[in-house]
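Enquirer:
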Amino acid sequence: MSYQIESLLIHGGVDGDKTTGAVNIPVYQTSTYKQQELGVNTGWEYSRTGNPTRDALEKLIADLEGGNYGLAFASGLAAIHTVLSLFKQGDKLVISDNIYGGTFRILEHVFKPLGILFEIVDTSDLKKVEEAIDEDTKAIYIETPANPLLSITDIEEVSKIAKREGKLLIVDNTFLTPYLQRPLELGADIVLHSGTKYLGGHSDTISGLVVVKDKEIADRLYFLQNAIGGVLAPWDSFLMIRGIKTLGVRMDRHVDNATKIATWLSESGYAEKVYFPGLPTDPGYEVQKKQAKGPGAMISFVLKKEYDYKSFYRNIKLITLAESLGGVESLVCHPASMTHASIPKDVRDKVGIVDELIRLSVGIENVDDLIADLDQAIKGSKK
Ligand SMILES: *Cc1c(COP(=O)(O)O)cnc(C)c1O
């Protein structure tokens, strides 16, 4: 029997503990496992290679993304590191032009010196994607909605290009989660996450997740996961499983609140620009509606010139100034100096990550309280 995502969030993967009947998978806090005799074991040997709590999370995320194989890592970047380790000197990647700062940093400062090259393009423009591909290109790597300008790339159309050209399509699905968008079903080969964000959902765990359908890619990734060793610990795997159970109800509220706030912001007269793919006026609106069940809960905006963005950050009270996103609490950040500081200023300005840009991760608090906080913070920042 196959279940809908709301049920899979709670019962997917390994549903409870088979030995004791415990409804929650225990934290198997062990590094190693007793062997019966030489070469005979229970299937578990060493916890970098495999751990039952991590395994439950890996099976769960695979079920949620509609894939066959899941892998859990100590952070989103550990997951990205392992996926990028599929490539070798001379290989080239085509990547989205607004992308998580840390992804840019690992490409620029870790993989480029090893001879793995990348070209940055606006992947929401399919023609530009096609033009950037050459025979050295091995993969297209996208985020949609992309960070921090929330631009939308058509996953299905890009996957057609990737298939036709024989390239891999990698999608960072952190901003929407499988509850709202399932890239593998739209033709992607590899989907990855910072589980730190909505999947964990409570700003208490750092983690990364990868899901694939294809056995050959999975085997290579399992080899790399064990060889590189950036695995997720048992306790953190438990916290992730616990967080994922409430993903559906949290996302519903996140999206609801964000849609109300984006609408209010764009009608308020405070903002020069509001980026939110859930607004019918947003350039990505139609595509995101086609490929996802909701626009997510990230909003970026630029205040009008008469407001001082620096004092806005000082004035907020209920909303917290912090890195990260996707937790139950609303967070606000300054991409140019925080999440995207590792991208050079000329690149930032070119793609629109200007100094005045404010990024909001809308939490699940009462939406009127959030709007009141934004309203007083903006009013108080008038020059
Ligand atoms: C946070 C984030 C990452 C990196 O994940 P960590 O868990 O912080 O290592 C990657 N991609 C996106 C879109 C993110 O928001």
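Residue 326 in the numbering used here sits at position 281 of the sequence shown, and the numbers go up by one each step.
The beta carbon of each residue, even a glycine, is placed where N, CA and C say it ideally should be.
Tell me which same chain residues have a C-beta within less than 6 Å of the C-beta of Leu171, skipping the five on either side of it?
Expert: These residues qualify, in order along the chain: Glu202.
Enquirer: According to the Cβ coordinates, are Ala337 and Phe321 closer than 8 Å?
Expert: Against a cut-off of 8 Å, the Cβ pair of Phe321 and Ala337 comes out as no contact.
Enquirer: Closer than 7 Å is what we want: which residues have a beta carbon that near any heavy atom of ligand 1? List them in chain order.
Expert: After applying the 7 Å Cβ criterion, the set is Ser120, Gly121, Leu122, Ala123, Ile125, Tyr145, Gly147, Thr148, Glu188, Asn192, Asp217, Thr219, Phe220, Ser239, Gly240, Thr241, Lys242, Ile251, Ser252, Gly253, Ser369, Leu370.
Enquirer: Which value, in whole angstroms, describes the spacing of the CA atoms of Lys205 and Leu277?
Expert: Taking the straight line joining both Cα atoms gives about 33 Å.
Enquirer: Classify Asn218 as buried or exposed, calling it buried when 16 or more other Cβ atoms lie within 10 Å of its own Cβ.
Expert: Under this definition Asn218 is a buried residue.
Enquirer: Exposed or buried, which one is His299 when buried takes at least 16 other CB atoms within 10 Å?
Expert: So His299 ends up on the buried side.
Enquirer: Where does Met46 land, buried or exposed, given buried means 16+ other C-beta within 10 angstroms?
Expert: By the neighbour-count rule (16 or more Cβ atoms within 10 Å), Met46 is not buried but exposed.
Enquirer: Based on the DSSP output, what are the partners of Arg404 in its beta bridges?
Expert: For Arg404, which the question treats as bridged, DSSP gives the partners Ser345, Cys378.
Enquirer: State yes or no: is the C-beta of Leu3 within less than 8 Å of the C-beta of Gln270?
Expert: Missing from the structure shown is residue 3; the chain here goes from 46 to 428 and no further.
Enquirer: Please report the distance separating the alpha-carbon of Lys133 from that of Ile161.
Expert: Taking the straight line from one Cα to the other gives about 6 Å.
Enquirer: Less than 7 Å between C-beta atoms, sequence neighbours within five positions excluded: which residues of the same chain meet that for Leu213?
Expert: Closer than 7 Å at Cβ, skipping near neighbours: Lys183, Ala184, Ala207, Asp234, Ile235.
Enquirer: Within the same chain, show all residues whose beta-carbon is closer than 8 Å to that of Pro290, passing over the 5 residues directly before and after it, in chain order.
Expert: A quick correction: the sequence has Lys, not Pro, at residue 290. So the qualifying residues of the chain are Leu54, Ile55.
Enquirer: Using the C-alpha atoms, what's the distance from Ser426 back to Tyr186?
Expert: Answer to the nearest angstrom: the Cα atoms are 38 Å apart.
Enquirer: Would you identify the three-state DSSP class for Lys427, choosing helix, strand or coil?
Expert: It is a strand residue.
Enquirer: Mind pulling the beta strand (DSSP E) runs of 3 or more residues that sit fully within the segment 217 to 291?
Expert: Counting whole runs of 3 or more residues, the segment 217 to 291 contains the beta strand (DSSP E) stretches 235 to 239, 253 to 257.
Enquirer: What's the gap between the Cα of Thr365 and the Cα of Asp418?
Expert: When rounded, the distance between both Cα atoms is 11 Å.
Enquirer: Check the C-beta distance from Ile144 over to Glu176 and give it rounded, since I have them as a contact under 8 Å.
Expert: Wrong, their Cβ atoms sit about 19 Å apart, outside the cutoff.
Enquirer: Could you please give me the residues that DSSP links to Ser141 through a beta bridge?
Expert: Looking at the DSSP assignment, Ser141 forms a beta bridge with Val166.
Enquirer: Tell me the residue span of the alpha helix (DSSP H) that contains Lys172.
Expert: Start and end: 171 to 177.
Enquirer: So Tyr224 and Leu310 are supposed to be a Cβ contact under 8 Å. How far apart are they, rounded?
Expert: At roughly 24 Å, the Cβ-Cβ gap does not stay under 8 Å, so Tyr224 and Leu310 are not in contact.
Enquirer: Whose C-beta lies closer than 8 Å to the C-beta of Lys157 among residues of the same chain, with five residues either side of it excluded?
Expert: Hits under 8 Å: Phe163.
Enquirer: For Glu110, count neighbouring C-beta atoms within 10 Å of its own C-beta (all shown protein chains included) and say buried if the count is 16 or more, exposed if not.
Expert: Classification of Glu110: buried, given that the 10 Å Cβ count is 16 or more.
Enquirer: Could you say if the segment 386 to 398 and the segment 352 to 364 meet the contact criterion of at least three C-beta pairs nearer than 8 Å?
Expert: Touching, no, given that fewer than three Cβ pairs across the two stretches are closer than 8 Å.
Enquirer: Keeping to the same chain, check which residues put their C-beta closer than 6 Å to that of Tyr48; ignore five residues upstream and five downstream.
Expert: Closer than 6 Å at Cβ, skipping near neighbours: no residue.
Enquirer: List the residues that DSSP assigns as beta-bridge partners of Phe118.
Expert: Phe118 pairs with Gly253, Val276.
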